[in-house]
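Visitor: Dropping the structure in here first, questions after.
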Amino acid sequence: MNGESRLVPFGFGVSPAARDVAELHERLLPRSPVVRLGRHFAEEFYYGILTRRGYIFGAVSYRAATAVGFIACTLDARGFMPAAARRYPLQLARVLSKSLLFAPGRLGVVREVWRIMTERRRVAAVERCGEVLSYGVSAEHRRAASGHSIAEELTRYAFSVFEAHGVREVHAIVDTDNAASRRFLERLGWRLTRTQVPGWATPSIEYVWRPGEQLSDGHDFQQPTG
Ligand SMILES: CC(C)(COP(=O)(O)OP(=O)(O)OC[C@H]1O[C@@H](n2cnc3c(N)ncnc32)[C@H](O)[C@@H]1OP(=O)(O)O)[C@@H](O)C(=O)NCCC(=O)NCCS
8 MNGESRLVPF
18 GFGVSPAARD
28 VAELHERLLP
38 RSPVVRLGRH
48 FAEEFYYGIL
58 TRRGYIFGAV
68 SYRAATAVGF
78 IACTLDARGF
88 MPAAARRYPL
98 QLARVLSKSL
108 LFAPGRLGVV
118 REVWRIMTER
128 RRVAAVERCG
138 EVLSYGVSAE
148 HRRAASGHSI
158 AEELTRYAFS
168 VFEAHGVREV
178 HAIVDTDNAA
188 SRRFLERLGW
198 RLTRTQVPGW
208 ATPSIEYVWR
218 PGEQLSDGHD
228 FQQPTG
């Protein structure tokens, strides 16, 4: 905590305020498949069931009562979504039906997610391979505006969880044209591992970090206590 922001972890039985994190995700990452599948999918399934059941974990950063940043991760990059689909087929069918009823064109997004998952199984060869799935901070709370990197605080929190669970490597897929995110990851010491990631509608690249490799010193990181 930096005196103004408060980090609230979720996952492993604890749900986030699903509306808060889904709203942030939608506003900050409108091209994300999770967003394009619609609010029912994001709130009820992705940030609902999947966080309660431990498929996804992360944290939300609050300033007063306002959610200003989030990070969402998985300990199982290869199989978290297929495993969840097998375990909760009826719940998934229900949210997808609602989603497609409102916008039948979302069938293309379902196909995209399927391609992404198939590709992930093929390339994430290492067992216990984690992934940072999404993260973002509202523009007015980014380091350039506030002097404090909430993104870095969230990322370091996620890494403490990856390390505690013995994850051997962590991946992050980023839109190729996302210069701020690329700069952010590279500054922390992530390494570019692929310059093209098949399956994604938007051209994407992939970074990797292995626990044991020291993350670079940040600008102003303080250990989260919240
Ligand atoms: C990525 C993000 C979380 C970074 O938050 P932040 O508070 O700006 O983080 P930091 O300042 O610690 O690091 C960002 C770095 O990118 C740089 N940067 C910011 N905007 C940039 C831009 N448009 N082009 C190039 N570099 C940029 C910053 O100067 C900083 O680099 P520096 O440390 O050398 O000064 C934020 O930009 C964001 O929420 N973006 C929208 C959501 C998103 O793209 N998420 C990632 C994909 S899942």
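So for the sequence shown, the working numbering puts the first residue at 8; every next one is plus one.
The C-beta atom is built at its ideal place from N, Cα and C for all residues, glycine as well.
Values in this document were obtained by computation on a predicted structure and should not be read as measured data.
Check whether the Cβ of residue 43 lies closer than 7 Å to any heavy atom of ligand 1, and answer yes or no.
Guide: Walking along the sequence shown from the start, residue 43 turns up at place 36. In this structure, residue 43 has its CB at a distance of at least 7 Å from all heavy atoms of ligand 1.
Visitor: I'd like the span of the alpha helix (DSSP H) that includes residue 27, first residue to last.
Guide: Here residue 27 refers to the residue found at position 20 of the sequence shown. Where residue 27 is concerned, the enclosing alpha helix (DSSP H) stretches over 25-35.
Visitor: Within the chosen definition, does the region 117-132 reach the region 54-72 through at least 3 CB pairs nearer than 8 Å?
Guide: no
Visitor: Are the C-beta of residue 191 and some C-beta of chain D separated by less than 8 Å?
Guide: Absence of chain D from the displayed structure is noted, only one protein chain being present.
Visitor: In the DSSP assignment, find the unbroken alpha helix (DSSP H) run with residue 109 in it and report its ends.
Guide: The residue labelled residue 109 in the question sits at position 102 within the sequence shown. Note, residue 109: alpha helix (DSSP H), 96-109.
Visitor: Over the uninterrupted alpha helix (DSSP H) stretch that includes residue 161, give me the two end residues.
Guide: Here the question's residue 161 lines up with position 154 in the sequence shown. Residue range 157-171 is occupied by the alpha helix (DSSP H) that includes residue 161.
Visitor: Which one or two residues does DSSP pair with residue 199 in a beta bridge?
Guide: Position 192 of the sequence shown, counted from the start, is the residue given in the question as residue 199. Bridge partners of residue 199: 214.
Visitor: Can residue 157 be considered in contact with ligand 1, in the sense that its beta carbon sits closer than 7 Å to one or more heavy atoms?
Guide: Translated into the one-based positions of the sequence shown, residue 157 becomes position 150. Residue 157 Cβ: within cutoff of ligand 1.
Visitor: Less than 8 Å between the beta carbons of residue 93 and residue 127, yes or no?
Guide: Residue 93 sits at position 86 when you count from the first residue of the sequence shown. Residue 127 sits at position 120 when you count from the first residue of the sequence shown. No; because the gap between Cβ atoms is not below 8 Å, this pair is not in contact.
Visitor: Check whether the Cβ of residue 143 lies closer than 7 Å to any heavy atom of ligand 1, and answer yes or no.
Guide: For this step, residue 143 is matched to residue 136 along the sequence shown. Checking the Cβ of residue 143 against ligand 1 gives yes.
Visitor: Cutting at 6 Å between CB atoms, please list the residues of its own chain near residue 185, excluding the five before and the five after it.
Guide: For the purposes of this step, residue 185 is taken as residue 178 along the sequence shown, with counting starting at 1. A distance below 6 Å between beta-carbons, with the five flanking residues on each side excluded, links residue 185 to no residue of its chain.
Visitor: Find the nearest neighbour of residue 41 within the set 74, 22 and 103, judged by alpha-carbon distance.
Guide: Here residue 41 is taken as the residue at index 34 of the sequence shown, counted from 1. Selected option, being the one with the closest Cα: 103.
Visitor: Does the region 144-160 come close enough to the region 172-180 to have 3 or more Cβ pairs within less than 8 Å?
Guide: no
Visitor: Which residue or residues does DSSP assign as beta-bridge partners of residue 300?
Guide: This structure gives no information on residue 300, because the portion of the chain shown stretches from 8 to 233.
Visitor: Shorter than 7 Å, the distance from the beta carbon of residue 174 to the closest heavy atom of ligand 1, or not?
Guide: Here residue 174 corresponds to residue number 167 of the sequence shown, with the count starting at 1. Result no, Cβ not under 7 Å from ligand 1.
Visitor: Is residue 49 near ligand 2, with its Cβ less than 7 Å from a heavy atom?
Guide: Ligands displayed in this structure: ligand 1; ligand 2 is not among them.
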